[in-house]
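So the structure is just underneath, and the comments pick up after that.
Residue numbers (my numbering): 139 to 903.
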């Protein structure tokens, strides 16, 4: 067998050997699930499955770290050192590291291997990165969302690299007949300190593969002070392939004898097919077939619609434009944004129907206080990834294979199995790079649709959504409304806070996805007199996680109103905000998802300092400050903007300070923050969806204008690299953007922004 084989084949060989040697149950992995935010995550160190070390004489097979030692079976593959499912070292010097998580532009395909390479002491120039096969039994959590990838996998990946390093050191020590403690590693080499002798990992690979895998408790992890790779700037492993146009993304997939499919659904959620001009469609050039799919009736699986199969994308898209469907909309959505706005304005004058938090006595506290009121609103918005939803599926020999740009491949595997009535062992998912996710690809409806179509066609089928499909059938960021009151005492201190939150519900029992307000949302948990209430409006339009779920919108309202209170108190916003945090404390000691007021104050002060807070600015120019804590990340931002007499807005610079623990890849982290700022500005400036008669009105980018490059601000990024465990960055840097810009607009013009997008209030770029 060639040395150049794919990870899928490698794992398949190992799994077969495990079953042959120990029986089918030998590969069972215990699942420990925690729920943080929107996504269930499997994060136990014990779930690191010890797959195999491959040697000339046999296969070294082991279980989880801390489990039983290795066992030998018949040799299946070439002599290579593979102590676990994450890396493979060949005698030719190559080091292959498998990245287990979906790459959606957040840089995890580089960050994960960096963690392993750091503990391995590998020479990064020798490292090749490949996408790992989808197998949760081997890798545990294989999803991307909630900024959970790094914190969920940090210990697991470190242990994978450190275990391999320990075995290589043991192999060298055995060869030299010296204690392992006298050896150290550097740049893919083991060095004997006393004599200066060296052996490369390539030369040690075969020897190391014969050794038993050490118990996890005996493996030493590096101290942060000894890091050589982590915290540096490393270019993305796919960057060259991306800029040279290599086929990496879901939409790039090509299989022999492949067909092309489109799928038309009712624009109003819940509509069903009455009739369609299928005979006419089948006669169009390039069309191979057209048929109705009744679906499962679930928006996250397969809704009713018409599939068209063609011999090219152009033929499929052309036929879709000629498609005429009569819809049964008796149970379809009649949602209306304009009606919701009118209803919310009425409700804002009343108390909420549900109490979320009641502390102290706001009415009593406000008796001798200045009371500030503000009504804030934000719209529904779409994810709008530049790569629309797509999936290639092939049903053959009783199994189905899918090539999917998904954020949750293991969930997609289970969903497809359910839709087709197959065992999960009959579903194989190939993870491909996604052209943007932002939470949209957490839901695998596009995979289920492709599977249902391919199951009927019996040949490889690539399903591609049009841009209009992507806009009309999203799982949107939900809109919302906040009726605030703030009580300020005679010393200018915020002593009371109420929020009547008006949101939406799909089931009448709880808020829709992304539409909940948590009782511990800042600043409620830090003030003595608080009342949080909620009223829910009925909703049929599907919603879902959207970059920094709930925080992405709630932060605009809360942080803008805090600034409004600071102005009413006659105090500097920086001083007023820091005063709310009080004495430094961690609200839930040891819980990374609990606010740490010391970390919060530190990033606020750093952002203010780096932005030149308090500096003199010309008329029409202002600085705005905002802070938000979400997804275990503490972030503060200062925006510098100018506004002319015609409300032409320019965001000159956004200064960002964040604390997410030690940085894995500084280049990737900076990139994510810069992306958050641009995405946040774009969303706040002009993105909104009008919903009438259950239909989205903005169907393409001409009506849903993303920010152009000429209007992108300068972004200055500063990290406090604390000693807390590392957390994600792709989401927590987003929420402060909109309120920082809106507060800056007020400081520049005196115009208080209480409604997004900014274009609704007359601003333009």
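From the three backbone atoms N, C-alpha and C, an ideal C-beta is built for every residue, glycine too.
- Residue 735: member of the alpha helix (DSSP H) spanning 735-749, first to last residue.
- Secondary structure at residue 875: helix, using DSSP grouped into helix, strand and coil.
- Apart from sequence neighbours up to five positions away, the residues of its chain that approach residue 865 with a beta-carbon distance below 8 Å are 285, 288, 289, 730, 769, 770, 771, 798, 799, ordered along the chain.
- Contact between the segment 546-556 and the segment 509-528 is absent, with fewer than three C-beta pairs closer than 8 Å.
- 637 is the residue among 239, 637, 368, 801 whose C-alpha sits nearest the C-alpha of residue 512.
- Spatial neighbours of residue 233 in its own chain (CB-CB distance under 6 Å, excluding positions within 5 residues in sequence) are listed in chain order as 227, 260, 264, 265.
- Residue state for residue 760 is assigned as strand, using DSSP reduced to three classes.
- In the three-state reduction of the DSSP assignment, residue 321 falls in the strand class, which pools E and B.
- As summarised for the segment 415-495, the continuous alpha helix (DSSP H) elements at least 4 residues long and confined to that stretch are 416-420, 451-460, 475-485, given in chain order.
- Contact between residue 642 and residue 674 is confirmed by a C-beta separation of about 6 Å, below the 8 Å threshold.
- In this structure, residue 619 lies near residue 515, with their beta-carbon atoms less than 8 Å apart.
- CA-to-CA, the gap between residue 491 and residue 484 works out to about 14 Å.
- DSSP, reduced to helix, strand and coil, places residue 629 outside both helices and strands of the structure shown, so it counts as coil.
- A direct Cα-to-Cα measurement between residue 435 and residue 486 gives close to 35 Å.
- DSSP, read as helix, strand or coil, puts residue 772 in strand.
- Between residue 572 and residue 272 a beta carbon distance of about 14 Å is seen, past the 8 Å cut, so the two are scored as non-contacting.
- Around the Cβ of residue 615, a 10 Å sphere holds 16 or more other Cβ atoms; the residue is buried.
- In this structure, the beta-carbon distance from residue 688 to residue 872 does not fall below 8 Å.
- By the C-beta criterion, the segment 800-808 is judged to be in contact with the segment 365-374, since at least 3 inter-stretch pairs fall below 8 Å.
- For residue 848, the number of other beta carbons within 10 angstroms of its own is below 16, and it is reported as exposed.
- Secondary structure of residue 698 (DSSP, three-state): helix.
- For the pair residue 700 and residue 896, the Cα-to-Cα distance works out to about 19 Å.
- In this structure, residue 790 sits near residue 778, with a CB-CB distance shorter than 8 Å.
- The beta-bridge partner set that DSSP reports for residue 674 consists of 641.
- Sequence-distant partners of residue 430 (beyond 5 residues in either direction) whose C-beta falls short of 7 Å from its own C-beta, in its chain, are 411, 414, 444.
- Check the Cα spacing between residue 405 and each of 709, 611, 720, 389: the tightest is with 611.
- Distance between residue 365 and residue 256, taken at the CA atoms: about 7 Å.
- Taking C-beta atoms as the reference points, residue 586 and residue 496 fail to come closer than 8 Å.
- Boundaries of the beta strand (DSSP E) around residue 228: 225-228.
- Residue pairing for residue 529: DSSP places it in a beta bridge opposite 601.
- Between residue 423 and residue 460 the beta-carbon gap is near 11 Å, outside 8 Å, which marks them as no contact.
- The beta carbon of residue 644 sits closer than 6 Å to those of 650, 677, all from its chain and outside the five residues before and after it, given in chain order.
- Residue 843 and residue 901 have their alpha carbons spaced roughly 14 Å apart.
- Non-local beta-carbon contacts of residue 837 in its own chain, meaning distances under 7 Å to residues more than five positions away in sequence, involve 606, 609, 610 in chain order.
- Following the DSSP letters along the chain, one finds residue 269 inside the beta strand (DSSP E) bounded by residues 265-269.
- Contact between residue 396 and residue 598 holds, since their C-beta atoms are separated by about 4 Å, short of 8 Å.
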